[in-house]
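Residue numbers (the numbering used here): 335 to 590. Cβ atoms here follow ideal geometry from the backbone N, Cα and C, with glycine treated the same way.
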């Protein structure tokens with residue numbers, strides 16, 4: 335199994351009518367917003383805006399509009415917390431291999447789940463994914479996605495330049511209460527970790543996993559929300575991380 339890199343992070347908009355307001359907050363922070371022209375998007379159960387990066391990763395600003403979809407969605411427990419980061423994903427060219435590794439480790443997951451759409455122009459895109467994290471296993475684990483067709487349609491290649499200079503996802507840090515309890519899941523997906531001498535956030539212990547040429551830090555923070563996410567973003571010419579989009583408490587960019 336090969337993990338090719340980060341796919342996207344999800345910023346959940348709690349109120350169905352709040353998508354435009356949330357998108358403006360990202361624009362105020364210097365991000366370019368992209369609308370993917372999906373067929374039937376006006377009446378779909380979900381609505382989204384995208385922040386696409388030059389490295390092929392992106393942020394999905396997601397709103398779930400349909401009442402029935404909201405009640406049964408795996409993100410339903412997060413609505414009471416307000417807007418915020420809820421999940422991340424990595425992409426692979428071997429989803430079956432990821433399933434085999436999770437199964438061999440005795441870890442729960444759901445899927446594969448197929449999702450297909452069509453642009454208004456008639457061009458199709460589709461993915462298959464498995465969920466070892468929220469809704470099935472430990473909430474800190476990312477979900478794994480494989481494109482079945484049209485990756486360049488699912489992730490538009492226009493609008494990838496941003497006034498704030500961000501070009502991609504350098505890494506993700508995720509908080510857990512017990513590091514040892516989650517190690518089997520992360521090792522099944524990413525292999526062995528190395529200790530982190532200087533993590534970007536205060537924590538008791540930290541392990542770093544390789545996500546292709548990027549990184550994933552798992553931080554042991556007993557008082558933090560399980561699975562709380564922070565995104566480390568990058569731009570050319572800056573050493574290390576340029577901006578840190580902090581966890582569920584908001585989307586303020588903090589110099590790192």
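Residue environment: residue 478 is assigned as buried (16 or more neighbouring CB atoms within 10 Å of its CB, all protein chains considered). Following the DSSP letters along the chain, one finds residue 406 inside the alpha helix (DSSP H) bounded by residues 401-406.
Between the region 519-539 and the region 400-414 there are fewer than three inter-stretch CB-CB distances shorter than 8 Å, so the stretches are not counted as touching. Of the other Cβ atoms in all chains shown, 16 or more fall within 10 Å of the Cβ of residue 356; this residue is therefore buried. Residue 377 is not bridged by DSSP to any residue.
Counting the other Cβ atoms within 10 Å of the Cβ of residue 405 gives fewer than 16, which makes it exposed. The region 505-564 is shown to contain whole alpha helix (DSSP H) runs of 4 or more residues at 513-524, in chain order. Inclusion of residue 352 and residue 421 in the CB contact set at 8 Å is not warranted, their separation being larger than that value.
Residue environment analysis places residue 449 among the exposed positions, since fewer than 16 neighbouring C-beta atoms fall within 10 angstroms of its C-beta. Within the region 473-503, complete alpha helix (DSSP H) segments of at least 4 residues are found at 485-488, given in chain order.
Taking the CA atoms as reference points, residue 434 sits about 17 Å from residue 526. Around the beta carbon of residue 376, fewer than 16 other beta carbons sit within 10 angstroms, so the residue counts as exposed. If you ignore the 5 residues before and after residue 555, its C-beta comes within less than 6 Å of the C-beta of 509 and 537, all in its own chain and listed in chain order.
Looking only at 369, 349 and 336, the smallest Cα-Cα distance to residue 492 is reached by 369.
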